[in-house]
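Numbering (the working numbering), first residue to last: 35 to 347.
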């Protein structure tokens, strides 16, 4: 994807705007051909019949759950084909050919969705490479490197969850000491309970450009969730503490996270996950082949199983 110096939109938003522009044009072209097909057989334009497939065309303008949406649009196209054949009932081949033009346009809509979905996976892979090349915090320019690591991690999340999460303006809850690195709002197409095994409407991200976070880092993230209890803006979030390497399972940080998970506060479970470079790489791989949320789901399941083995406090 080419950068435009005059375009102030974030790269992922520019990408999505371009995608929707293409799909809007294809939608109108498909609709026009559909109407022509019925004009040729002196039939009124069947609004209800086109609505069947138009809903699937509109749904595919977002790239979340794209495989499912492609199956739905193909199913709707098949229903339209069957109904049109019943209407023409053996009439001339020109009518059939014109309807095939409509079907080809639907195939173009599907191909465009696949192309952009593949492109978003490539962007995620490129961003992960940038994270791997980011200098560690222990080296020179510690603050500069930390901000770069944070920037690249948030950009990766943008690409991993295109049309499923959007960045939030955190200025309303920042007071200097409580400045979060990143926050996301979960969009309607993202069923977090099903795909992650844990329902959440917001995601908080804390980035540390070094290995093995300390318990102080964990408590920093935990304090963010306490403020959510008093907030009218946020529901209880899922929180990610993302570092270069996760803490050891026998560390104080890990044990303290277990205590946080097992203790209910105001009937809410605090869930904080540790992610490192390898986890992010796995999410990128899942983006290309399946669902990056599956990595979060696996971590949540592993945490529950680990607690069972250790015995909940």
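From the three backbone atoms N, C-alpha and C, an ideal C-beta is built for every residue, glycine too.
With contacts defined as CB atoms closer than 8 Å, residue 196 and residue 154 qualify as a contacting pair.
Between residue 258 and residue 248, the C-beta gap is not smaller than 8 Å, which leaves the two residues out of contact. Residue pairing for residue 200: DSSP places it in a beta bridge opposite 219. A distance below 8 Å between beta-carbons, with the five flanking residues on each side excluded, links residue 100 to the following residues of its chain, in chain order: 94, 147, 148 and 151.
In terms of Cβ geometry, residue 255 and residue 188 do not form a close pair [threshold 8 Å]. Here the alpha carbon of residue 193 sits roughly 28 Å from the alpha carbon of residue 291. Sequence-distant partners of residue 231 (beyond 5 residues in either direction) whose C-beta falls short of 7 Å from its own C-beta, in its chain, are 331, 334 and 335. Taking each of 127, 63, 328 and 71 in turn and checking the Cα distance to residue 316, the smallest one comes out for 328.
Bridge partners of residue 308 according to DSSP: 275. Within the same chain, Cβ atoms closer than 6 Å to the Cβ of residue 309 are found at 274 and 276, the five residues on either side in sequence being excluded. Beyond the five residues adjoining it in sequence on each side, residue 144 comes within less than 7 Å, by CB distance, of 104 and 107 in the same chain, given in chain order.
The beta-carbon separation of residue 98 and residue 223, rounded to 4 Å, stays under the 8 Å limit for a contact. Nearest to residue 165 by alpha-carbon distance, out of 60, 63 and 312, is 312. For residue 245, the beta-bridge partners assigned by DSSP are 279.
In the assembly as shown, residue 170 is an exposed residue. Its beta-carbon has fewer than 16 other beta-carbons within 10 Å.
The secondary-structure analysis by DSSP pairs residue 240 across a beta bridge with 275.
Residue 94: not part of any alpha helix (DSSP H); DSSP gives it neither H nor E. Residue 180 counts as buried, since no fewer than 16 other beta carbons sit within 10 angstroms of its beta carbon. Sorting 233, 225, 280 and 237 by C-alpha distance to the C-alpha of residue 251 places 280 at the top. With distances taken between CA atoms, residue 85 lies nearest to 61 out of 61, 175 and 52. Between residue 199 and residue 237, the gap from beta carbon to beta carbon is short of 8 Å. Rounded to whole angstroms, residue 246 and residue 307 show a C-alpha spacing of 13 Å.
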